[in-house]
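Asker:
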Amino acid sequence: MWDYLLLSVGTLIYCLGWTSFLIPNGLASGGLTGLCTIIQYGTGGAIPIGVSFPIINVFLLILAVIVMGKAFGFKTIYVIALSSLLFEVLPGFPQLEVVDPERFDKFLVAIVGASLEAVGIGLTLLRGGSTGGTDIVAMIVNKYWPVSPGRVYMVTDIFIIASMLLVPGMGIVDMIYGYVIMLTFSFGVDFVLLGNKSSVQILVFSSKYKEIADHMINDVHRGVTALQSVGWYTQSEGKVLLIVARKHQMNDVVNEVKAIDRSAFISVSTAMGVYGEGFEEVKSGLKLKKKEHLNEDMK
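All residue numbers for the sequence shown refer to my numbering, where the first residue is 839 and numbers rise by one.
#1: When DSSP builds the beta bridges, which residues end up paired with Gln1066?
#2: Taking only the alpha-carbon atoms, compute the straight-line gap between Trp1070 and Val1095 and give it to the nearest angstrom.
#3: Could you say which of Phe1029, Tyr982, Met992 and Tyr916 lies nearest to Gly868 if we only look at CA atoms?
#4: Using 8 Å as the cut-off, can you tell me whether the region 919-931 makes contact with the region 992-1011, which would need three or more C-beta pairs spanning the two stretches below that distance?
#5: Measuring alpha carbon to alpha carbon, tell me which residue in Asp938, Ser846 and Asn863 is nearest Ser921.
#6: Taking Val1062 as the reference, which of Gln1039, Asn895 and Leu844 has the closest Cα?
#7: Between Ala948, Trp856, Leu1079 and Leu961, which lies nearest to Met1054 when the distance is taken from Cα to Cα?
#8: Whole angstroms is fine: what's the gap from Leu901's alpha carbon to Val1092's?
#9: With Ile978 as the anchor, note down where its beta strand (DSSP E) starts and where it stops.
#10: For chain C, find out if any of its Cβ atoms is closer than 8 Å to the Cβ of Leu1003; answer yes or no.
#11: Please work out which residues of its chain come closer than 6 Å, Cβ to Cβ, to Gly958, disregarding the five sequence neighbours upstream and downstream, and give them in chain order.
#12: Smallest Cα separation from His830: which of Phe1043, Phe1023 and Ile1081?
#13: Look up Ile1104 in the DSSP assignment and give the residues it is bridged to.
#14: According to DSSP, is Val1091 part of a helix, a strand, or is it coil?
#15: So, with DSSP's three-state summary, where would you put Val1082?
#16: Give a single yes or no on whether Ser1074 has its beta carbon closer than 7 Å to a heavy atom of the ligand MG.
#17: Using alpha carbons as the reference points, say which of Val1106, Pro984, Ala1097 and Leu873 lies closest to Ala1000.
#18: Can you tell me which of Val937, Arg965 and Asp995 puts its alpha carbon nearest to the alpha carbon of Val975?
#19: With distances taken Cα to Cα, identify the nearest neighbour of Ile877 among Leu865, Tyr1047 and Ser890.
#20: Considering only C-alpha positions, which residue in the set Phe1025, Ile1104, Ile998 and Gly1026 is nearest to Ile1014?
#21: From the DSSP output, in three-state form, read off Ala919 for me.
#22: With distances taken Cα to Cα, identify the nearest neighbour of Pro862 among Leu954, Glu935, Phe925 and Leu923.
#23: What do you get for Gly864, buried or exposed, if any count of 16 or more other CB atoms within 10 angstroms of its CB means buried?
#24: Between Val937 and the rest of its own chain, which residues show a CB-CB distance below 8 Å, the 5 nearest in sequence each way excluded?
#25: Going by other Cβ atoms of all chains shown within 10 Å of its Cβ, with 16 needed for buried, is Leu1124 buried or exposed?
#26: Are the CB atoms of Gly960 and Val1027 nearer to each other than 8 Å?
#27: Following the continuous alpha helix (DSSP H) through Asp841, name the residue where it begins and the one where it ends.
#28: DSSP three-state label for Ala884, please.
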């Protein structure tokens, strides 16, 4: 129930981004909806969105069920059905639309709309659902390779948005707005999905390294590695403590160090990826997994 509640909230936020900000101001971007719209324009209406959108989504849903499991398929079907309903209902409330060029700059509207879309999509992906289209592609890619969903969206949307130039009535300005929305959306999704997984590497230089290390292990319950060091100015040997923690735990670790040694020198750097117990799993791709299964079968 908690999953479906968050899926509903995320879907509502996502739809509001489109119906309240992007669509009323004639803005467009990438994704499956953008692709299907371009197909409709390119074929002169011979293949409308109502035909291409469900056909492509059904294919992607089948692929998602095979790769991600049945639960992913059910949640995605729920989100697709709910978003389809909201896209029909929300335009009936004109008071929700932000369409006043004298009060709201179009660029600002694009940023806000893309941000709402990113938050909504991020919530649905966190609970194992999807709004279909490129969301499914992003989830499948992220399952096997260490590529963020936002990066997958960016690559696919670059080509979709560029194809706007082939559509009569759309020009370079429409494409630029599309890219602005794409970039804002991509970074926003990564922030929602990966913000709580960001890690930092902390180096502690202190003469009280033994006290600090014992306190971290026994009281703070953080792993510590002591590295041999030599202060080149004083030529004195000592230990440098290496601590890896989540970004939101950084202040707690630093405060604990300072409580023991106020003069401790601390260096903090962002860790691009931390793999192992307590952090992320290594994603090595489909080929390696197939090779492992083959080796097991041979044994």
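Each residue gets a CB set at the ideal place from its N, CA and C atoms; glycine is no exception. Predicted, not measured: the structure shown is a model, and the values here were computed from it.
Answerer: Put simply:
#1: Lys1077
#2: 23 Å
#3: Met992
#4: no
#5: Ser846
#6: Gln1039
#7: Leu1079
#8: 46 Å
#9: Unbroken run through Ile978 is the alpha helix (DSSP H), Thr972 to Tyr982; no beta strand (DSSP E).
#10: Protein chain content of the structure displayed is limited to a single chain, and chain C is not contained in it.
#11: Gly848, Ile851 and Tyr852
#12: What is shown of the chain runs 839 to 1137, which leaves residue 830 out entirely.
#13: Val1042
#14: helix
#15: strand
#16: Summarising the ligand content, the structure contains no ligands, and the ligand MG is consequently not present.
#17: Leu873
#18: Asp995
#19: Ser890
#20: Ile998
#21: helix
#22: Glu935
#23: exposed
#24: Pro862 and Asn863
#25: Low local confidence applies: a pLDDT of 49 at Leu1124 is under 50, so the model's placement there is unreliable, with the coordinate-based value given in what follows. Exposed, since its Cβ has fewer than 16 Cβ neighbours within 10 Å.
#26: yes
#27: Trp840 to Leu854
#28: coil
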